[in-house]
Each structure stands twice: as structure tokens, then as C-alpha cells.
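S.K.: I'd like to ask some things about the structure below.
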Amino acid sequence: MAIMKNGEVEKELFYSHNKPVDRNTIFQVSSLSKFVSAVGIMKLTEMGKINLDTPVSGYLTRWQLPPSKFDIKQVTARKILSHTAGLTDELGYSGFENPDSVQTLEASLTKAKDADKGKSGMVEVGIQPDSRWKYSGGGYTLLQLLVEETTGQSFNEFMVDNLFKPLNMRSSTYMINDTLNIRLCEFFNSNKTSAPHFYYSSLAATSLYTSLADLEIFFQLFLRGNNGEPIGRGLLSPSTLKSMREAHWDIMGEKIFGLGCMLYIGIENNEDIFGHDGKSTPPINTATVSTLLQVME
Numbered sequence: 227m228a229i230m231k232n233g234e235v236e237k238e239l240f241y242s243h244n245k246p247v248d249r250n251t252i253f254q255v256s257s258l259s260k261f262v263s264a265v266g267i268m269k270l271t272e273m274g275k276i277n278l279d280t281p282v283s284g285y286l287t288r289w290q291l292p293p294s295k296f297d298i299k300q301v302t303a304r305k306i307l308s309h310t311a312g313l314t315d316e317l318g319y320s321g322f323e324n325p326d327s328v329q330t331l332e333a334s335l336t337k338a339k340d341a342d343k344g345k346s347g348m349v350e351v352g353i354q355p356d357s358r359w360k361y362s363g364g365g366y367t368l369l370q371l372l373v374e375e376t377t378g379q380s381f382n383e384f385m386v387d388n389l390f391k392p393l394n395m396r397s398s399t400y401m402i403n404d405t406l407n408i409r410l411c412e413f414f415n416s417n418k419t420s421a422p423h424f425y426y427s428s429l430a431a432t433s434l435y436t437s438l439a440d441l442e443i444f445f446q447l448f449l450r451g452n453n454g455e456p457i458g459r460g461l462l463s464p465s466t467l468k469s470m471r472e473a474h475w476d477i478m479g480e481k482i483f484g485l486g487c488m489l490y491i492g493i494e495n496n497e498d499i500f501g502h503d504g505k506s507t508p509p510i511n512t513a514t515v516s517t518l519l520q521v522m523e
């Protein structure tokens with residue numbers, strides 16, 4: 227755990243069972259991946275590769291949403307980021323213990339074999355886009371395909387080249403490798419027995435590996451640095467980052483979601499406590515929460 231104030235780390239706390247952990251220990255963070263992936267999508271937009279309000283179908287050649295009685299042309303990156311695209315998968319991915327079992331991206335979008343219990347695993351438009359808020363992990367898997375189709379890179383390569391390397395997030399990846407594996411935390415089941423690390427087709431939705439030190443860097447992206455570093459650190463514009471925290475859906479008048487981030491509660495200066503949670507089995511519980519007391523211009 228890290229507590230940050232005015233963009234600086236004020237305190238770090240570490241607790242572990244068996245193997246010690248520190249700020250450079252690497253954790254898999256489940257759905258917190260979506261928040262980081264969303265910043266990657268905003269970078270893709272600033273690069274001119276996509277428009278947030280263009281139908282995603284126009285960018286895709288490897289896979290398309292199945293026919294629906296609802297308007298597929300209204301499925302855009304903006305609506306997917308805010309869970310308002312009408313996708314009804316409600317995924318939840320459990321992952322694969324054997325890496326050889328991992329599906330192709332296209333097969334996973336058609337019917338994910340690692341869908342959480344009770345979920346169909348099919349990414350499809352089941353309600354009219356922009357008619358209601360419905361959480362969709364499958365939507366972020368569709369965004370993963372969008373990145374690959376528009377850049378010619380794998381999703382992980384794009385995120386490493388355009389976010390992690392420029393920010394010096396050296397412990398972050400969506401696909402763990404031998405170099406980083408030595409700092410990977412141990413997983414345990416709720417009964418304290420050892421648990422495996424799982425492998426995913428759905429990298430953007432749930433497969434981010436990162437460290438506390440890297441998450442501190444990530445959050446500083448949204449803040450003006452104490453030494454004059456600009457919001458976005460020259461990687462993204464302040465207006466782009468601000469747009470992520472603007473409400474794209476509310477329930478009973480309460481803002482709940484922006485572009486890739488949860489809006490927990492309103493505070494002063496028309497700002498919100500924002501961030502994202504992550505949870506999975508074996509027990510992974512992660513959260514990043516921030517209040518921006520600095521005025522973002």
C-alpha cells in the first residue's frame with residue numbers, strides 16, 4: 227500500500243505471508259488493468275490512430291461483433307471505455323492455468339472459455355448502446371483487438387512502447403517474462419495454500435502485472451509535478467486526462483464512471499475521487515484511488 231500526498235509518496239506499507247514484498251515486487255492486478263489500458267487507448271487517440279466516436283467495426287478486420295437487433299454501429303471506443311456500449315457479456319475472466327490453453331483473441335471474443343462462472347463468455351450487443359450502464363470485460367478485450375489492428379503491434383508491445391517505457395515503469399507488462407518473474411509475488415488461496423498464476427487472452431481487461439513503485443508513477447501522470455513536471459508528463463495532454471475523469475454515466479444523479487475509471491464520490495472544485503478496483507480468484511484484491519486537489523487545466 228502507498229499513501230501519496232500532493233503527488234509525492236508519503237508512506238508505503240507492506241504485509242506478506244512467507245515471501246517478503248516491497249515496492250518493486252510484481253503483482254497481477256486483475257481489473258485494475260482496465261484503468262491502465264484505458265490510458266493506452268487515449269494515447270492511441272492522440273496518435274491519430276482512432277477516433278473515440280467512430281464505430282469500432284470500421285477499424286476491425288480480424289473479428290466483428292455478431293449480428294444484433296440493436297445498432298452495432300453505435301459501439302464506439304468511448305462507449306466501451308465507459309461500459310455504455312450495450313455489450314452484455316459482464317465478463318469476468320478466470321484465466322488458464324496452462325499457457326497452452328490460452329485462446330486466440332478472436333476465439334476469446336467469440337466465446338471465452340475462461341469466462342467467470344455464470345457468464346456466457348460471448349461479446350455481443352445485447353441492449354441498445356447508450357441505454358444503460360453495464361460492466362463489460364469483453365469490451366476491453368475488443369479494445370485490445372482495436373489496438374492491434376490499428377498499430378500492427380501486439381497489445382503488450384504497444385503499451386510497453388507508448389506508456390511503460392516513456393514513464394520508466396520498468397516492472398509493468400501484460401505478459402510476464404523470465405526477467406520480471408524473479409520479482410513476482412506468491413499467490414495463495416483463501417486457505418493459505420499455494421495458488422498458480424493464470425494466463426489470459428484478455429490482456430487489456432485483466433492481465434496487467436505491475437509494482438507499487440510503477441503505480442505511483444502512473445498516478446503522477448494525472449498531477450502537476452512539484453518540480454514543474456507537466457500533467458501528462460508530455461506523454462498525454464492534460465485535457466485528455468481530464469476527459470477520462472468526466473462522468474459518462476450516472477445512477478440516480480450520482481456519477482459512477484468516466485473513461486476507464488470509476489468515479490467514487492464528488493469532492494470540491496467539481497472533482498471526484500477516481501480510480502479502479504480489481505478482484506479475481508485466487509484472491510486478488512487491488513484498488514487505486516485518488517483525489518486531485520490540484521486544479522487540472
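For the sequence shown, my numbering begins at 227 and goes up steadily by one.
Yeah, the Cβ is synthetic: ideal placement off N, Cα and C, and Gly gets one too.
Quantities reported herein were computed from a predicted structural model and do not represent experimental measurements.
Would Asn-394 pass as a contact of Ile-443 if the rule is Cβ separation under 9 Å?
M.R.: Start at 1 with the first residue of the sequence shown, and residue 394 comes out as number 168. Start at 1 with the first residue of the sequence shown, and residue 443 comes out as number 217. Yes.
S.K.: If you draw a straight line from the C-alpha of Leu-467 to the C-alpha of Ser-362, how long is it?
M.R.: Locating residue 467 in the sequence shown gives position 241, counting from the first residue. Locating residue 362 in the sequence shown gives position 136, counting from the first residue. Going from the Cα of Leu-467 to the Cα of Ser-362 covers about 22 Å.
S.K.: Apart from the five residues just before and just after Lys-237, which ones in its own chain have a Cβ nearer than 6 Å to its Cβ?
M.R.: If you number the sequence shown from 1, residue 237 lands on position 11. Closer than 6 Å at the Cβ level, and outside the excluded window around Lys-237, lie Ile-229.
S.K.: Would you mind giving the Cβ-Cβ distance between Leu-286 and Leu-372, rounded to the nearest angstrom? I have them listed as a contact below 8 Å.
M.R.: Position 60 of the sequence shown, counting from 1, holds the residue named residue 286. Position 146 of the sequence shown, counting from 1, holds the residue named residue 372. Between Leu-372 and Leu-286 the Cβ distance is about 7 Å, and since that is below 8 Å, they are a contact.
S.K.: Can you find the residues in the same chain that come closer than 6 Å, C-beta to C-beta, to Leu-519, ignoring five residues on each side of it along the sequence?
M.R.: The count along the sequence shown starts at 1 and reaches residue 519 at position 293. In this prediction, Leu-519 has a pLDDT of 47, which is less than 50 and means its spatial position is unreliable; nothing more can be read from the coordinates.
S.K.: Looking only at DSSP bridge pairs, what is Gln-254 linked to?
M.R.: Position 28 of the sequence shown, counted from the start, is the residue given in the question as residue 254. Bridge partners of Gln-254: Tyr-435.
S.K.: For Tyr-241, count neighbouring C-beta atoms within 10 Å of its own C-beta (all shown protein chains included) and say buried if the count is 16 or more, exposed if not.
M.R.: Along the sequence shown, read from residue 1 onward, the residue named residue 241 stands at position 15. Its Cβ having fewer than 16 others within 10 Å, Tyr-241 is exposed.
S.K.: Report the three-state DSSP secondary structure of Pro-325 (helix, strand or coil).
M.R.: The sequence position of residue 325 within the sequence shown is 99, counting from 1. In the structure shown, Pro-325 sits in a helix (DSSP, three-state: H, G or I).
S.K.: Distance check for Pro-281 and Ser-420, CA to CA, integer angstroms please.
M.R.: Counting from one through the sequence shown, the residue named residue 420 turns up at place 194. Counting from one through the sequence shown, the residue named residue 281 turns up at place 55. Their backbone Cα atoms lie some 44 Å apart in a straight line.
S.K.: How many angstroms separate the CA atom of Tyr-490 from the CA atom of Ile-408?
M.R.: As a first step, residue 490 is located in the sequence shown; it is residue number 264 there, counting from the start. As a first step, residue 408 is located in the sequence shown; it is residue number 182 there, counting from the start. Approximately 35 Å between the Cα atoms of the pair.
S.K.: Put Asp-340 into one of helix, strand or coil per three-state DSSP.
M.R.: Taking the sequence shown and counting its residues from 1, one reaches residue 340 at position 114. Of the three classes helix, strand and coil, the one that applies to Asp-340 here is coil, per DSSP.
S.K.: Using DSSP's beta-bridge definition, name the partner residues of Tyr-319.
M.R.: By 1-based counting over the sequence shown, the position of residue 319 is 93. DSSP, once it has assigned bridges, lists Ala-341 as partnering Tyr-319.
S.K.: Mind checking whether Ala-439 and Gly-365 have CB atoms under 9 Å apart?
M.R.: In the sequence shown, counting from the first residue as 1, residue 439 sits at position 213. In the sequence shown, counting from the first residue as 1, residue 365 sits at position 139. Result no, Cβ atoms of Ala-439 and Gly-365 do not sit closer than 9 Å.
S.K.: Between the beta-carbon of Tyr-319 and the beta-carbon of Ala-338, is there less than 9 Å?
M.R.: On the sequence shown, position 93 is the one that residue 319 refers to. On the sequence shown, position 112 is the one that residue 338 refers to. Their beta carbons are under 9 Å apart, which means Tyr-319 touches Ala-338 by this criterion.
S.K.: Leaving out five residues on either side along the sequence, give the residues of the same chain with a beta carbon under 7 Å from the beta carbon of Phe-384.
M.R.: In the sequence shown, the residue the question calls residue 384 occupies position 158. Only Gly-266, Val-373, Thr-377 meet the Cβ criterion.
S.K.: How big is the Cα-Cα spacing for Phe-424 and Gly-321?
M.R.: For the purposes of this step, residue 424 is identified with residue 198 of the sequence shown, where counting begins at 1. For the purposes of this step, residue 321 is identified with residue 95 of the sequence shown, where counting begins at 1. For Phe-424 and Gly-321, the distance between alpha carbons rounds to 5 Å.
S.K.: Which value, in whole angstroms, describes the spacing of the CA atoms of Ser-398 and Gly-504?
M.R.: As a working note, residue 398 is residue 172 in the sequence shown. As a working note, residue 504 is residue 278 in the sequence shown. Looking at the two C-alpha atoms, the distance is approximately 16 Å.
S.K.: Are the CB atoms of Met-268 and Gly-486 within a distance shorter than 9 Å?
M.R.: Looking up residue 486 in the sequence shown gives position 260. Looking up residue 268 in the sequence shown gives position 42. Yes, they are a contact pair.
S.K.: Once you ignore the five residues that flank Ile-306 on each side, which residues in its own chain have a CB closer than 8 Å to its CB?
M.R.: Walking along the sequence shown from the start, residue 306 turns up at place 80. Closer than 8 Å at Cβ, skipping near neighbours: Val-282, Leu-313, Ser-362, Gly-365, Tyr-366, Leu-368, Leu-369.
S.K.: Answer with buried or exposed for Asn-388, where buried requires no fewer than 16 other C-beta atoms within 10 angstroms of its C-beta.
M.R.: For the purposes of this step, residue 388 is taken as residue 162 along the sequence shown, with counting starting at 1. Classification for Asn-388: buried.
S.K.: Out of Ile-353, Asp-279, Lys-295, Thr-271, point me to the one whose CA is closest to Asp-315's CA.
M.R.: As a position in the sequence shown, residue 315 is number 89, starting the count at 1. If we check each option's Cα against that of Asp-315, Ile-353 comes out closest.
S.K.: Spatial neighbours of Thr-330 within its chain, please: C-beta separation below 8 Å, excluding the five flanking residues on both sides.
M.R.: If you number the sequence shown from 1, residue 330 lands on position 104. The answer, listed in chain order, is Ser-427.
S.K.: Sorted by chain position, which residues of the same chain lie with C-beta nearer than 7 Å to Val-247's C-beta, five sequence neighbours on each side aside?
M.R.: Numbered from 1 along the sequence shown, position 21 holds the residue referred to as residue 247. These residues qualify, in order along the chain: Phe-240, Cys-411.
S.K.: Going by CA-CA distance only, name the one from Arg-396, Tyr-400, Pro-392 that's closest to Ser-524.
M.R.: As shown, the chain starts at 227 and ends at 523. That puts residue 524 outside it, with no answer to give.
S.K.: Indicate whether Val-328 and Leu-434 have their beta-carbon atoms separated by less than 9 Å.
M.R.: In the sequence shown, the residue the question calls residue 328 occupies position 102. In the sequence shown, the residue the question calls residue 434 occupies position 208. No; because the gap between Cβ atoms is not below 9 Å, this pair is not in contact.
S.K.: Helix, strand or coil: how does DSSP classify Leu-393 here?
M.R.: The sequence position of residue 393 within the sequence shown is 167, counting from 1. DSSP places Leu-393 in coil when its eight states are reduced to three.
S.K.: On a CA-only basis, which of Gln-300, Ser-346, Leu-317 is nearest Asp-356? Give me that one, please.
M.R.: Start at 1 with the first residue of the sequence shown, and residue 356 comes out as number 130. Minimum Cα distance to Asp-356 is reached at Gln-300.
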